[in-house]
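In this note's numbering, the protein residues as written are 344 to 413.
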């Protein structure tokens with residue numbers, strides 16, 4: 344991840360995620376800060392953790408996973 348366009352933004356606060364931000368992943372595969380999440384939404388949380396953990400755990404985020412340079 345060398346550029347800001349390689350990273351996701353929170354749909355509520357519009358801030359770029361940092362690797363240690365606490366986030367939820369909902370059933371539409373939307374990543375949202377835990378502090379920005381509205382529990383009254385119709386979408387359910389299917390995973391939670393840090394932004395880094397979420398993008399590493401889910402293969403559809405493979406383009407966002409930091410690659411080690413060799």
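The C-beta atom is built at its ideal place from N, Cα and C for all residues, glycine as well. Since this is a predicted model, take the numbers as computed values, not measurements.
Asked, Found
"Contact check, residue 371 vs residue 397 under 8 Å by CB: the rounded distance?", "The pair is not a contact, with the Cβ atoms about 14 Å apart (cut-off 8 Å)."
"In whole angstroms, what is the alpha-carbon distance linking residue 363 and residue 376?", "11 Å"
"Please say whether residue 374 and residue 360 have beta carbons closer to each other than 8 Å?", "yes"
"What residue range is occupied by the uninterrupted alpha helix (DSSP H) comprising residue 395?", "394–400"
"Rounded to whole angstroms, what's the CA-CA distance from residue 384 to residue 353? Just pull it up for me.", "15 Å"
"If I measure Cβ to Cβ from residue 395 and keep anything under 6 Å in the same chain, skipping five residues before and after, which residues do I get?", "362"
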